[in-house]
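One structure is given below, encoded as structure tokens.
Protein chains: 2
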Amino acid sequence: MQDKDIEPPLLMIPGPTPIPFNILSSLSSYPIPHRSPEFCTIIKECNEGLKKIFLTQNDVFIYASSGTGAMCAALENLINPNDKVLCLVIGNFGARFEKIAKGRGGDVDVLRVGYGEVIEPQELESMMAKKSYKLVTLTHSETSSGAANDIKTLCGIIKKYGALSIVDGITSLCAMECKMDEWGIDVLISGSQKGFMLPPGLAFLAASNKAIEESKKTLYKSFYFDFLAYKQALSKNTTPYTPAINLIFGLHCALKELLKYGIKDLNAAHKHRALALREALRAMGLKLLVEDDNKASYAVTAVYPPQGLSIKDIRAGLKKRNIIIANGQGELEDKIFRIGTLGYIRDEDLIKTISVLEMVLRELGYELSPNVGLNALKGRLK
Amino acid sequence: MQDKDIEPPLLMIPGPTPIPFNILSSLSSYPIPHRSPEFCTIIKECNEGLKKIFLTQNDVFIYASSGTGAMCAALENLINPNDKVLCLVIGNFGARFEKIAKGRGGDVDVLRVGYGEVIEPQELESMMAKKSYKLVTLTHSETSSGAANDIKTLCGIIKKYGALSIVDGITSLCAMECKMDEWGIDVLISGSQKGFMLPPGLAFLAASNKAIEESKKTLYKSFYFDFLAYKQALSKNTTPYTPAINLIFGLHCALKELLKYGIKDLNAAHKHRALALREALRAMGLKLLVEDDNKASYAVTAVYPPQGLSIKDIRAGLKKRNIIIANGQGELEDKIFRIGTLGYIRDEDLIKTISVLEMVLRELGYELSPNVGLNALKGRLK
Chain A
1 MQDKDIEPPL LMIPGPTPIP FNILSSLSSY PIPHRSPEFC TIIKECNEGL
51 KKIFLTQNDV FIYASSGTGA MCAALENLIN PNDKVLCLVI GNFGARFEKI
101 AKGRGGDVDV LRVGYGEVIE PQELESMMAK KSYKLVTLTH SETSSGAAND
151 IKTLCGIIKK YGALSIVDGI TSLCAMECKM DEWGIDVLIS GSQKGFMLPP
201 GLAFLAASNK AIEESKKTLY KSFYFDFLAY KQALSKNTTP YTPAINLIFG
251 LHCALKELLK YGIKDLNAAH KHRALALREA LRAMGLKLLV EDDNKASYAV
301 TAVYPPQGLS IKDIRAGLKK RNIIIANGQG ELEDKIFRIG TLGYIRDEDL
351 IKTISVLEMV LRELGYELSP NVGLNALKGR LK
Chain B
1001 MQDKDIEPPL LMIPGPTPIP FNILSSLSSY PIPHRSPEFC TIIKECNEGL
1051 KKIFLTQNDV FIYASSGTGA MCAALENLIN PNDKVLCLVI GNFGARFEKI
1101 AKGRGGDVDV LRVGYGEVIE PQELESMMAK KSYKLVTLTH SETSSGAAND
1151 IKTLCGIIKK YGALSIVDGI TSLCAMECKM DEWGIDVLIS GSQKGFMLPP
1201 GLAFLAASNK AIEESKKTLY KSFYFDFLAY KQALSKNTTP YTPAINLIFG
1251 LHCALKELLK YGIKDLNAAH KHRALALREA LRAMGLKLLV EDDNKASYAV
1301 TAVYPPQGLS IKDIRAGLKK RNIIIANGQG ELEDKIFRIG TLGYIRDEDL
1351 IKTISVLEMV LRELGYELSP NVGLNALKGR LK
């Protein structure tokens, strides 16, 4: 009998992420009616907990949807045909905002950089100085590349020019510092299967008063994702349509766990582990897609394989030992692999991953002094 | 210690409905990556199972959303501004289609009847003869009133005039005969927390080729709910965006249970129990909102309280004994109560409900010969 026959896989991927067993078992709680006072208390406490993660005084809407649903919610509440929109694209998920904005009939400009790069503030500034945009979309942690934008600086520029900032925080929340109110973010979204230690199926969205007011002028708004319907329902601690009751049981449980630490410590722990992983990978002679630690996501790290080795073989070697890492996406498929350090990842999970990765690379013919990655990792984790 | 301290509540409501324990515990299975071959097999088998419930050769899309999400999906894929739409409204959920259609800029006519009534075929025929509609929305089982339209006849008329029929089967599927392909339904939707014995959070939608083709011409389509994205992904046994993995584990398990019986027997069992319940309520001297069994839903039954008794007291009396029944909705709030017979309801659940209801009504001062309802119920259940 092997680990993989009896143990769940170790999900070193940027979603779904590992889930502690108490949260997992809360998903099997018997449903209660969603309009009952008991369930309203749960909704109220979830909203309060999410505000502490989002660092905002705005309500946080809970959608029964994936993160892409919340991306649509943001744009379908705010874009009228021919509205001027600027999309900052640093990878596949930034490009998804661009597609949604175009589908809504927006007049869309794009500031695009290569995989692994981030948006330079002066480039944004020069575009905004030339044209007046209603809103700007941007990604905090780009899941496809492991690069992370400097949201604080970029949103400061967007605010200076009077545009609305729409931030995809799907993989960044919990893992990276993101201060909605202090940084002046107008719409911030996230998803349950990322830093929240939950399975997919819930998306979260907080909108500033300015964004809520602006949404009142939008034509052909999505009925399902309508900001106003959720805001009004939350004033009575409920949802406008049937919520995903059992996933919300999980959220209620997960928020209690997350807030035992507090958002500052959560962010710090993710940063500490991601930087330790990066150190270990470098010590193993591997090249990272994002070289500069200051431009790197703490949720996911993209790595080039050693020359001549295939991503398929590396991933299969780890899977055989019950560790799941991700392939690249789009253009980067089979060119990089990605290691998630998001959600319920512990030091021992990183140690296991690096040990096994060293073993697999050696099996595939890559020359590596024993434990070189592991020692670097342990030195840094201390 | 009472039942209610240790047992889950008996959910005699039209959603969430009771869930067998094997399905409930499948929700706590450890997530696996949604792009893995193992998960693709699950998606494939869910699609095949759902086709057997929908009685269709069309793919059945699985959305991470509530039923309202699928209502939006139907209309946001098909309505362009100024398209001529006819909404058949027999209650609150019919009215929801009307709101969504108007929000999309449709040129909407409404054929509206009172709560408890259904659409008469000749009235639909006379409206369709006068004007050419692109699509017609209609409700199979109207959850707010417990009335059920004759979908077969109505969709026949809609087809004759060349319009698309969009059928809300949210509470009807599993509980009532609904033959998508044979009856020529163009879009049929349902939701997980109804006849499927699951918690809320998944919605299902099947679309005819005609509807899929028509969706290609739609402007400002919802990106999240886009028919074409789901159709293309299903051809590879996957979903376009992250699916609600753990709810899909539940669906996979629930479909196996449902298909042990087959759709015909499932429909028959629901009909049998709903008619027995109606017989018992009548024997207790209670007036039903929908008098005619042929116009009644088999998913939910709306009942007037005995004169002078309050809905609040009746519901509280049952809740004290751990049985949940529903209030009326909208105009009918506090005027009727509703009893669900949807999903995993067994004969003994009906027996318990009628026994306790008799007890509660007597406590509240309603004169009732002993076991009059219970005997009628048992006589009919045999």
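These protein sequences, in sequence, are chains A and B. Using the working numbering, the first residue of the first sequence is number 1, and each one after it goes up by one. Using the working numbering, the first residue of the second sequence is number 1001, and each one after it goes up by one. Just so it is clear, CB atoms sit at the ideal spot from N, CA and C, and this is done for glycine as well.
Identify, in the order they occur along the chain, each residue of the same chain with its Cβ nearer than 6 Å to the Cβ of residue i, setting aside the five sequence neighbours on each side.
| i | result |
| --- | --- |
| B:Q1329 | N1092, S1144 |
| A:A163 | Y133, L135, V136 |
| A:M1 | Unreliable positioning characterises A:M1 in this predicted model, as indicated by a pLDDT of 45, which lies under 50. A coordinate reading is not provided. |
| B:V1290 | G1116, G1146, A1147, A1296 |
| B:S1222 | E1076 |
| A:L364 | L309, D313 |
| B:K1271 | Y1298 |
| B:A1095 | V1089 |
| B:P1009 | N1322, I1324 |
From the DSSP output, which residues share a beta bridge with residue i?
| i | result |
| --- | --- |
| A:E142 | A:A147 |
| A:I390 | Absent from the structure is residue 390 of chain A, since the part of chain A shown begins at 1 and ends at 382. |
| B:I1324 | B:L1011 |
| A:F223 | Its beta-bridge partners do not exist; DSSP assigns none. |
| B:A1021 | Reading off the sequence, residue 1021 of chain B comes out as Phe, not Ala. For B:F1021, which the question treats as bridged, DSSP gives no partner whatsoever. |
| B:Y1063 | B:A1203 |
| A:R112 | A:V89 |
| B:L1288 | B:V1303 |
Cutting at 7 Å between CB atoms, please list the residues of its own chain near residue i, excluding the five before and the five after it.
| i | result |
| --- | --- |
| A:G49 | L255, L259 |
| A:V110 | C87, V89, E98 |
| B:N1082 | G1105, D1107 |
| A:R315 | I325, N327, F337 |
| A:G169 | H140, C178, L188, I189, S190 |
| B:C1072 | I1100, S1222, F1225 |
| B:V1372 | A1283, M1284 |
Below 8 Å between beta carbons: does that hold for residue i and residue j?
| i | j | result |
| --- | --- | --- |
| A:C178 | A:H140 | yes |
| B:R1278 | B:L1288 | yes |
| A:E182 | A:L55 | yes |
| A:I339 | A:V300 | yes |
| A:T171 | A:C40 | no |
| B:T1353 | B:R1273 | no |
| A:A203 | A:V187 | no |
| A:Q147 | A:E117 | The amino acid at residue 147 of chain A is misidentified as Gln; the sequence shows Ala. Closer than 8 Å, so yes. |
| B:I1079 | B:G1114 | no |
| B:L1234 | B:F1061 | yes |
| A:E123 | A:N322 | no |
| B:K956 | B:K1130 | Residue numbering for chain B in the displayed model covers 1001 to 1382; residue 956 of chain B lies beyond these limits and cannot be assessed. |
| B:N1149 | B:I1185 | no |
| A:I248 | A:I42 | yes |
| B:I1351 | B:L1318 | no |
| B:A1074 | B:L1198 | no |
| B:K1194 | B:G1015 | yes |
| A:S165 | A:C155 | yes |
| B:I1336 | B:Y1304 | yes |
| B:L1251 | B:S1190 | no |
| A:L381 | A:A276 | yes |
| A:E358 | A:L374 | yes |
| B:G1201 | A:G343 | no |
| A:I157 | A:V167 | no |
| B:I1013 | A:P37 | no |
Which same chain residues, not among the five before or five after residue i, have their C-beta less than 8 Å away from its C-beta?
| i | result |
| --- | --- |
| B:M1127 | L1086, D1109, L1111 |
| B:D1334 | S1310, I1311, K1312, N1327, G1328 |
| A:Y30 | none |
| A:Q232 | P240 |
| A:Q57 | K51, D181 |
| B:K1236 | C1040 |
Quick one: list the residues of chain E neighbouring residue i, beta-carbon separation under 9 Å, in chain order.
| i | result |
| --- | --- |
| A:T242 | Absent from the structure: chain E. Protein chains present are A and B. |
Would you mind listing the alpha helix (DSSP H) stretches within the region 1151 to 1206 of chain B that are 4+ residues and don't spill past its ends, in chain order?
1151 to 1160, 1180 to 1183
Runs of alpha helix (DSSP H) lying entirely within the region 1227 to 1282 of chain B, each at least 4 residues, in chain order
1227 to 1234, 1245 to 1261
Determine, using beta-carbon pairs with one atom in the region 64 to 78 of chain A and one in the region 1233 to 1248 of chain B, whether at least three such pairs fall under 8 Å.
yes
Complete runs of the beta strand (DSSP E) confined to the region 332 to 380 of chain A [at least 3 residues]
337 to 340
Which parts of the region 1023 to 1050 of chain B are runs of the beta strand (DSSP E), unbroken and 3 residues or longer, counting only runs that do not cross its ends?
none
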